[in-house]
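Undergrad:
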Amino acid sequence: MALPMNTFNRPVAYRIMLIGTLLSAVLIFPSCQTSQTAHSSYRSKQVLPSSGKYQKKKKPRINIAKLEAQIHTLINRERKRKGLKPLAWNAALSRIARTHSRDMARRTYFSHYSPESHDFLWRYERAGFSCGIRIGNTIYTGAENILQNNLFDSVTKVNGVPYHDWNSQKKIAETSVRGWMKSPSHRKNILIPHWRSEGIGVVIAPDGKVYITQNFC
236 MALPMNTFNR PVAYRIMLIG TLLSAVLIFP SCQTSQTAHS SYRSKQVLPS
286 SGKYQKKKKP RINIAKLEAQ IHTLINRERK RKGLKPLAWN AALSRIARTH
336 SRDMARRTYF SHYSPESHDF LWRYERAGFS CGIRIGNTIY TGAENILQNN
386 LFDSVTKVNG VPYHDWNSQK KIAETSVRGW MKSPSHRKNI LIPHWRSEGI
436 GVVIAPDGKV YITQNFC
């Protein structure tokens, strides 16, 4: 007996944006948004129950702290390739980053600006964090990257039963950093030599979206 199968693809990609500012001469890196999205599709096939092709995969357990650390390690690997000093882990920046990721996940928006138009410098100030790296006549006051990834790439339904193509913790870290590095403006921000530290904040929403914020100083 053949079973009906419906397949639909969740957007596999991530969305990314970045912005940076200077204190003395304001610099706003070009905001951009990029995505690589699998085309949504619907199809039906005849699948034999005994084929074993669709087996229930166990949902991976994501350790948020370790995922943040993995992303941090991969960022420093990219900097090392360019002969740049590694960024120190900044706990205060990480708390700021998590707060923004949590807010985006809770209120379902994706932007550097909150619905109240608060940007990352406002979040720095609200947290009592001050960044001022002076290079010549320029003072760097910080920057922010955000990215949205997913816990799974696709869902296949067989006889009404969902089968998720889950992403591993390692894959989420790797595809997130790869997404930033493929964008010239985001890559430029990551490879700015003047930054000394960064904070990474990851929050997973109930719908499986993974919100990632990266703050620099």
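So the number in the working numbering is just where the residue sits in the sequence shown, counting from 1, plus 235. Quick reminder that beta carbons are idealized off the backbone N, C-alpha and C, glycines included.
1) Please report how far the alpha carbon of Trp357 lies from the alpha carbon of Ala300, in whole angstroms.
2) Rank Glu360, Glu433, Asn385 by C-alpha distance to the C-alpha of Trp401 and give the top, closest one.
3) When DSSP labels each residue in this structure, what does His353 get in the three-state scheme?
4) Helix, strand or coil, according to DSSP, for Leu328 in the structure here?
5) Is the beta carbon of Ile310 sitting closer than 8 Å to the one on Leu322?
6) Rounded to the nearest angstrom, what separates Ser336 and Gly436 at their Cα positions?
7) Short of 6 Å in beta carbon distance, which residues of its chain neighbour Ile297, apart from the five on each side in sequence? Order them along the chain.
8) Should the region 313 to 329 be regarded as contacting the region 424 to 433, the criterion being three or more beta carbon pairs within less than 8 Å?
9) Mind reading off the beta-carbon distance from Ile368 to Tyr359? Whole number of angstroms is fine, and I expect it under 8 Å.
10) Name the two residues that bound the continuous alpha helix (DSSP H) containing Pro419.
11) Would the beta-carbon of Cys452 fall within 8 Å of that of Ser432?
12) Note down the Cα distance separating Ala362 from Tyr398, rounded to an integer number of angstroms.
13) As a quick exercise: from Asn424, Val412, His347, pick the residue whose alpha carbon is nearest that of Ala304.
14) CB Gly414 to CB Ser329, shorter than 8 Å?
15) May I ask you to report which of helix, strand or coil DSSP gives Glu433?
TA: Let me lay it out:
1) Numbered from 1 along the sequence shown, position 122 holds the residue referred to as residue 357. Numbered from 1 along the sequence shown, position 65 holds the residue referred to as residue 300. Their backbone Cα atoms lie some 25 Å apart in a straight line.
2) On the sequence shown, position 166 is the one that residue 401 refers to. Sorting Glu360, Glu433, Asn385 by C-alpha distance to the C-alpha of Trp401 places Asn385 at the top.
3) For the purposes of this step, residue 353 is taken as the residue at position 118 of the sequence shown. His353 carries a coil assignment under DSSP once its states are collapsed to helix, strand and coil.
4) Numbered from its first residue, the sequence shown carries residue 328 at position 93. If DSSP states are grouped into helix, strand and coil, Leu328 belongs with the helices.
5) Translated into positions along the sequence shown, residue 310 becomes position 75. Translated into positions along the sequence shown, residue 322 becomes position 87. It is a contact, given that the beta carbons lie within the stated cut-off.
6) Taking the first residue of the sequence shown as position 1, residue 336 is located at position 101. Taking the first residue of the sequence shown as position 1, residue 436 is located at position 201. Distance between the alpha carbons of Ser336 and Gly436: 6 Å.
7) Translated into positions along the sequence shown, residue 297 becomes position 62. These residues qualify, in order along the chain: Gln404.
8) Touching, yes, given that three or more Cβ pairs across the two stretches are closer than 8 Å.
9) Translated into positions along the sequence shown, residue 368 becomes position 133. Translated into positions along the sequence shown, residue 359 becomes position 124. Cβ atoms of Ile368 and Tyr359 stay farther apart than 8 Å, at about 13 Å.
10) Working through the sequence shown from its first residue, we reach residue 419 at position 184. Taken as a continuous stretch (DSSP letters only), the alpha helix (DSSP H) holding Pro419 covers 419 to 425.
11) Taking the first residue of the sequence shown as 1, we reach residue 452 at position 217. Taking the first residue of the sequence shown as 1, we reach residue 432 at position 197. Yes. Within cutoff.
12) The count along the sequence shown starts at 1 and reaches residue 362 at position 127. The count along the sequence shown starts at 1 and reaches residue 398 at position 163. Rounded to whole angstroms, the gap between the alpha carbons of Ala362 and Tyr398 is 42 Å.
13) Stepping through the sequence shown from its first residue, residue 304 is reached at position 69. With respect to the C-alpha of Ala304, the residue from Asn424, Val412, His347 having the closest C-alpha is Val412.
14) For the purposes of this step, residue 414 is taken as residue 179 along the sequence shown, with counting starting at 1. For the purposes of this step, residue 329 is taken as residue 94 along the sequence shown, with counting starting at 1. Pairing Gly414 with Ser329 gives a Cβ-Cβ distance that is not under 8 Å.
15) Counting from one through the sequence shown, the residue named residue 433 turns up at place 198. DSSP places Glu433 in strand when its eight states are reduced to three.
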